[in-house]
Amino acid sequence: MSSTDQNSQASDLSTSPKISADADASADKQNTTHFGYKTIEKDDKISMVAGVFHSVAKQYDVMNDLMSFGIHRLWKRFTIDASGVRPGNKVLDLAGGTGDLTAKFSQLVGREGKVILADINSSMLNVGRDKLRDKGLVQNIEYVQANAEYLPFEENTFDIVTIAFGLRNVTDKDKALRSIYSVLKPGGRLLVLEFSKPEHELLNKAYDFYSFNILPKMGELVAKDGESYQYLAESIRMHPDQETLKTMMENAGFEQTTFKNLTGGVVALHKGYKF
Amino acid sequence: MSVSNNQALTQLNTQASTKVSDSLLLPQVATATIELIINKALALNNNKLVSFNAINQKTLTLKLAELTFPLSFTVNSTSSATAIIVRTHVESSDCTINTSINTLKKIKANQSLTLLIKQDELDVHGDIKLAQQFANIAQSLAIDWQSELARHLGDVPTHKLLQFGNKITKSISAAGKQIEADIGEYLVHEKRLVVTTSQIENFNQQTRDLASKVDSLSVRIDRLCSNIAEKSAKS
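One line per chain: the protein sequences are A and B, in this order.
When we follow this note's numbering, the leftmost residue of the first sequence carries the number 7, and every step to the right adds one.
When we follow this note's numbering, the leftmost residue of the second sequence carries the number 1263, and every step to the right adds one.
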């Protein structure tokens, strides 16, 4: 795809591209992947995504509250409710960022349980660790810098794995899902909270307008980084839709895979079990 | 037939309202608000004898008749702080209570759990001691609202505000008691004297029957009078 094509796609909201399983497979064959609307070498994606998150780490929580009008807290609360977490459970909060889910899981698994906050980005991990320590949450949390595609844990380790707003930034999502499947205990479950495709066309249009016109300006104003938030909007559009992600999870081995649309499908929570 | 239709309609309505509240994340809004209030109250508690050790990591679930979703309360107590986490769904709960908001008020008014269970106002599954411990802790919290408010508003405005609040509360309470007494009076005495619709209908029917009898009697009397008049004319 030429840069002219990319620009025209980015500006034409009504034809914003949505990744399909075929397109993803074709990108795999060519050893390329997506970075927003750009097609890049797979090896470059990690450093480019890292650049985005190093840049926004310190303002990440403020921007989340601003961009979602605080609704991200309810989406995360829904994820905790759906996780079925119990005292003594071992939980992996993958791409855990600033630790919103980890904080709650830590309180719910108790002293006998454990929560691993893992993120590929050291800046995000540092912000998360500082925030959780300030809240007095230290007893049962460990911090690991890890790539979701190559999880550094033994097989059958975790009761629950969550990845909230992280999967779309992973270079090879299929590989990451297989890696997650491997570290889950039999009976364990994966919860993927991620931006998705709105159910209604009108909402879709309003969401597109908001994402491409307001979000980058907000990012410029608050985090002094409009480009990273332009990437955010583009990466959301390039992320697999609800059904595609469900199929990807099933292909990775997950069973009883379901998804629940939240806020009209702006976000979806996928859930799958390893048996 | 109509009963089953009504049940189906009620079920459909419940499903529709559950779907709407789920899509708007209302259960999560509710749990976030309740959690915030409870933990704020815990932070302001002055009764240092309150201990959560016995119920640490225990979960109590409330299924209220008025809500379409359950409320689960999990205690997380560490040496530094205690927090209650409120969720709408848990896979296992140490104690589950099916009840209504009215019954909860009775628990607050020190009415015994056992008595409420006997009266079928509470349905408890699991460890009933846990429910009692939660209730005891809730009752033993001591919060000095006046001091807390004074920190933000100042002493004099707080005093005035509370004075005003007490006055309003007393007025509302007196009005409530008066309404309660009026309703009681009506139910115990006046309601018995009030004529029911069926009684009025019955009275109307009797009046109509009597009128009809009077009419026929009148016709008969007229006929007899005319017979008598004819006979006396002939003789």
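Note that the Cβ used here is the ideal one computed from N, Cα and C, for glycine as well.
Pair within 7 Å by beta-carbon distance, residue i and residue j
i: F164(A); j: G119(A); result: no
i: A239(A); j: F218(A); result: yes
i: I1296(B); j: V1337(B); result: no
i: V1291(B); j: T1321(B); result: no
i: L196(A); j: V176(A); result: no
i: S112(A); j: I147(A); result: yes
i: L80(A); j: L1287(B); result: yes
i: T1358(B); j: T1323(B); result: yes
i: S188(A); j: Q151(A); result: no
i: L183(A); j: L275(A); result: no
i: H40(A); j: M254(A); result: no
i: V97(A); j: V68(A); result: no
Partners in chain B for residue i, counting only beta-carbon separations shorter than 7 Å
i: G142(A); result: S1342 and A1343
i: K110(A); result: I1347
i: Q113(A); result: N1338, A1345 and I1347
For residue i, the residue or residues it bridges with in DSSP
i: K120(A); result: K96(A)
i: V272(A); result: BP columns for V272(A) are empty, so no partner.
i: S40(A); result: Looking at the sequence provided, one finds His at residue 40(A) rather than Ser. H40(A) pairs with T45(A).
i: L196(A); result: V167(A) and G278(A)
i: R1349(B); result: S1334(B)
i: Q151(A); result: D125(A)
i: T1323(B); result: S1334(B) and T1358(B)
i: F201(A); result: V273(A)
i: T1344(B); result: S1339(B)
i: E261(A); result: Y279(A)
i: L190(A); result: F164(A)
i: I1405(B); result: N1307(B)
DSSP state of residue i mapped onto helix, strand, coil
i: T1536(B); result: Past the edges of chain B, shown from 1263 to 1497, lies residue 1536(B), and the structure says nothing about it.
i: N1360(B); result: strand
i: H245(A); result: coil
i: E1492(B); result: helix
i: V1386(B); result: strand
i: E161(A); result: coil
i: L221(A); result: helix
i: K266(A); result: strand
i: K141(A); result: coil
i: K1432(B); result: helix
i: K1310(B); result: coil
i: C1487(B); result: helix
i: D178(A); result: coil
i: A229(A); result: coil
i: G1508(B); result: Lying before the first or after the last residue shown, residue 1508(B) is absent from chain B, which here runs from 1263 to 1497.
i: S1478(B); result: helix
i: D28(A); result: Confidence in D28(A) is poor, its pLDDT being 48 and thus under 50, which makes the residue's placement unreliable; the coordinate value appears in the next sentence. In this structure, D28(A) counts as helix in the three-state DSSP scheme.
i: S1497(B); result: coil
i: S1374(B); result: coil
i: Q1381(B); result: coil
i: Y156(A); result: coil
Best match in the options for proximity to residue i [C-alpha to C-alpha]
i: I1317(B); options: D1382(B), A1303(B), S1339(B) and N1466(B); result: S1339(B)
i: K1310(B); options: S1285(B), T1344(B) and L1333(B); result: T1344(B)
i: N210(A); options: T269(A), Y149(A) and L275(A); result: T269(A)
i: A101(A); options: S188(A), V133(A) and K223(A); result: V133(A)
i: Q1395(B); options: S1374(B), F1465(B) and N1364(B); result: S1374(B)
i: I126(A); options: E249(A), R92(A) and L173(A); result: L173(A)
i: G90(A); options: V115(A), T104(A) and D106(A); result: V115(A)
i: D1385(B); options: S1362(B), H1451(B), K1368(B) and A1412(B); result: S1362(B)
i: E205(A); options: G271(A), D136(A) and S241(A); result: G271(A)
i: F171(A); options: E161(A), M73(A), G103(A) and T45(A); result: G103(A)
i: F1335(B); options: S1433(B), L1424(B) and A1294(B); result: A1294(B)
i: E264(A); options: L123(A), E249(A), V273(A) and A258(A); result: Looking at the sequence shown, residue 264(A) is not Glu but Thr. For T264(A), the nearest C-alpha among the options comes from E249(A).
i: R117(A); options: R139(A), V144(A) and G105(A); result: V144(A)
i: N95(A); options: R83(A), G105(A), K110(A) and K82(A); result: K110(A)
i: P1332(B); options: A1397(B), V1476(B) and S1354(B); result: S1354(B)
Contact set between residue i and chain A, taken where Cβ atoms lie within less than 8 Å
i: E1353(B); result: G90 and R92
i: A1294(B); result: R79, L80 and R83
Partners in chain A for residue i, counting only beta-carbon separations shorter than 7 Å
i: R1349(B); result: I86 and D87
i: Q1319(B); result: P93 and G116
i: V1291(B); result: L80
Residue i: contacting residues in chain B (beta-carbon distance under 9 Å)
i: R139(A); result: What R139(A) touches in chain B: nothing, since even the nearest Cβ is about 12 Å away.
Chain-ordered neighbours of residue i on chain B, where CB pairs are closer than 8 Å
i: Q145(A); result: T1340
i: G102(A); result: Within 8 Å Cβ-Cβ: nothing; G102(A) doesn't reach chain B, min ~18 Å.
i: L98(A); result: Chain B residues near L98(A): none, gap ~18 Å exceeds 8 Å.
Contact set between residue i and chain A, taken where Cβ atoms lie within less than 9 Å
i: I1287(B); result: The question names Ile, yet the displayed sequence has Leu at residue 1287(B). I77, L80, W81, R83, F84, L268 and T269, listed in chain order.
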